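Inspection log for the structure reproduced underneath, given as structure tokens.
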Amino acid sequence: MKLARTLAAAMAGLALACAVHAQSLPKVVILATGGTIAGAGATAANSATYQAAKVPVDKLIAGIPEIGKLAAVRGEQVFQIASESFTDEHLLQLGRRVAALAKQDDVDGIVVTHGTDTLEETAFFLNLVVPTDKPVVVVGSMRPGTALSADGALNLYNAVATAADKSARGKGVLAVMNDEIFTGRDVTKAVNIRTEAFKSPWGALGMVVEGRTYWFRAPVKRHTLNSEFGIDAIKALPPVGIAYGHGNAGDAAYRALAAQGAKALVHAGTGNGSVARQVVPALRELRAQGVQIVRSARVAGGGFVLRNAEQPDDEYDWVVAHDLNPQKARILAALALARGADAREMQRIFLEY
Ligand code: DGL
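Counted the way the working numbering counts, the sequence shown spans residues -10 to 342.
See the structure below:
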């Protein structure tokens, strides 16, 4: 009898100790949106043939019990879609949810699971509109969880480790993929069928190894608490189109985008954002009609578009996207337009964010 009482007391003590420990853990919310990290393939050999956006967030979390040692985690299923299908409305809805959670005292960090195709756009958008210094970490995977050597579980474990880590505070929105920590500003999907898929032209900020973060640099561009773009003030994102520069280019795409209502056009230019001479007249005409023209570059991997280099941007009243790729330039141009920025103000914004 005495033994039973001793055992019961020990169990109660253990349960209390676990409860106290769980209470002491950082509180991390995982917002799930879909993508390959929630994908499922027919066989373990299907690492590239699968259906994205199938596995619910609670099952993702249950599949990685080790996460429970890093943080007290709960999940919310915000969407269940492949990320190529994200719209600006999805971005705004997700941004509002992240901002609301970040305001809560019982939330120490946020993870967003996301398809990798447009992960870089969502991470940049959140970096610009969520006013918090709490860690917000976007994560995806290149293989579904059903595949041999799936990368999602460790990516999600690393993302929670980063979101739970006080040292990740104040660094803006981050993206964690393949053991590396990137700033949401620069990160881009550079490879479309390998697990080492994400790069930043300016390098990763650090790494996560066995649940610990190691930092080697910090962002210098404006973000989160230092951003003028608060999500609560954004009702809608003005439409911005992207047209690709190439040999034998014509101006039909630019005219069609403007005719459909684009308020700015991002030119994914050859080289240093160059514009074919046969396209310049259309862009000047559209600029005169009030459409903003932003010169970005189709060249991935580094460098930046230099103002007034091969194009007289001052004379044409055009904007250069600096080092932002076309898909990120679209996000920033839309936010600038939402604040009524003219070309001069938009250029300031492109140089500061
Ligand atoms: N359909 C793609 C997406 O949701 C799958 C790619 C991925 O998530 O890795 O972005």
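For each residue, glycine too, the CB sits at the ideal point set by N, CA and C. From a predicted model like this one, the values you see are computed outputs, not experimental measurements.
With a threshold of 16 other beta carbon atoms within 10 Å, SER285 meets it and is buried. At the C-beta level, GLY52 and GLY134 come within 8 Å of one another. ALA152 is a Cβ neighbour of VAL100, given a cutoff of 8 Å.
At a threshold of 7 Å, ASP106 counts as near the ligand DGL, since its beta carbon sits closer than that to one of the ligand's heavy atoms.
Membership of GLN281 in the beta strand (DSSP E) is indicated by the continuous run 281 to 286. Where VAL264 is concerned, there is no enclosing beta strand (DSSP E), because DSSP gives it neither an H nor an E. In the DSSP assignment, THR111 falls within the alpha helix (DSSP H) that extends over 108 to 118. In the three-state reduction of the DSSP assignment, ARG183 falls in the coil class. For VAL125, the three-state secondary structure derived from DSSP is strand. The way I'd put it, the region 312 to 320 does touch the region 273 to 289; three or more beta-carbon pairs between them come closer than 8 Å.
With respect to the 8 Å criterion, PHE218 and VAL118 are classified as neighbours on the basis of their beta carbons. In this model, ARG244 and ALA225 are separated by some 23 Å (Cα to Cα). In the pairwise beta carbon analysis, the region 137 to 147 is classified as not touching the region 235 to 252: fewer than three pairs are separated by under 8 Å. Residue burial is scored here from C-beta neighbours: ARG328 has fewer than 16 other C-beta atoms within 10 angstroms and is therefore classed as exposed.
DSSP places MET(-10) in the coil class of the three-state scheme, outside both helix and strand.
Under the three-pair Cβ rule at 8 Å, the region 168 to 188 counts as touching the region 101 to 113. Here PRO54 is exposed, its C-beta having fewer than 16 other C-beta atoms within 10 Å. Within the region 277 to 335, the complete alpha helix (DSSP H) segments at least 4 residues long are 302 to 305, 315 to 327, listed from N- to C-terminus. Judged by DSSP in its simplified three-state form, ILE26 adopts helix. In the DSSP annotation of this structure, GLN82 is not part of any beta strand (DSSP E); the continuous alpha helix (DSSP H) holding it starts and ends at 77 to 91. For THR32, there is no enclosing alpha helix (DSSP H), as DSSP gives it neither H nor E.
For GLU73, the shortest C-beta to heavy atom distance toward the ligand DGL is below 7 Å.
Taking every protein chain shown into account, the CB of TYR203 has fewer than 16 other CB atoms within 10 angstroms, so this residue is exposed.
In this structure, SER138 has its beta carbon at no less than 7 Å from each heavy atom of the ligand DGL.
Taking a cut-off of 8 Å on C-beta distances, the region 123 to 138 touches the region 19 to 29, as three or more cross pairs fall below it. With a 10 Å radius around the Cβ and a threshold of 16 neighbouring Cβ atoms, TYR233 comes out exposed. Membership of THR151 in the alpha helix (DSSP H) is indicated by the continuous run 141 to 152. The C-beta separation of GLN249 from ALA332 comes to about 21 Å, leaving the pair out of contact by the 8 Å criterion.
CA-to-CA, the gap between PRO227 and ALA322 works out to about 9 Å. The closest heavy atom of the ligand DGL lies 7 Å or more from the beta carbon of GLY173. By the neighbour-count criterion, in which 16 or more other beta carbons inside 10 Å mark a residue as buried, GLY23 falls on the buried side.
In summary, GLY262 is buried, with 16 or more beta-carbon neighbours lying within 10 Å of its beta-carbon over all protein chains present.
Proximity of the region 254 to 268 to the region 294 to 301 meets the contact definition, three or more beta-carbon pairs being nearer than 8 Å. Relative to the ligand DGL, ALA41 has its C-beta within less than 7 Å of a heavy atom. Taking all protein chains shown into account, HIS235 has fewer than 16 neighbouring C-beta atoms within 10 Å of its C-beta and is therefore exposed.
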